[in-house]
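Visitor:
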């Protein structure tokens, strides 16, 4: 039987993956029933939530050239 793990993130999402494939899977490429044998807790947020938080405030933000208005820039 394959060994499965579950990673719980701080944002409330989780990820389930195989930590080890069994002999049957290596021969037939058919997955066993998912039985989680290990649970990990991660203090970070998942990649999906990271992408959501990194979104710009407005859809046209990528078109604005802010280098002209940088106060730290020496002229």
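Residue numbers (this note's numbering): 170 to 244. Each residue gets a CB set at the ideal place from its N, CA and C atoms; glycine is no exception. Because the structure is a prediction, the values reported are computed rather than measured.
Looking at residue 297: is its Cβ nearer than 8 Å to the Cβ of residue 180?
Guide: Given that the chain is displayed from residue 170 to residue 244, the structure contains no residue 297 and the question cannot be resolved.
Visitor: In chain order, which continuous runs of the alpha helix (DSSP H) of length 4 or greater are located wholly inside the stretch 198–240?
Guide: You should have 216–222.
Visitor: Tell me the DSSP bridge mates of residue 173?
Guide: The count along the chain shown starts at 1 and reaches residue 173 at position 4. 187, 205.
Visitor: From the DSSP output, which residues share a beta bridge with residue 178?
Guide: For this step, residue 178 is matched to residue 9 along the chain shown. Its beta-bridge partners are 211.
Visitor: Please return the same chain residues whose Cβ sits closer than 6 Å to the Cβ of residue 187, not counting the five positions on each side in sequence.
Guide: By one-based count along the chain shown, residue 187 stands at place 18. Same-chain partners within the cutoff: 171, 173.
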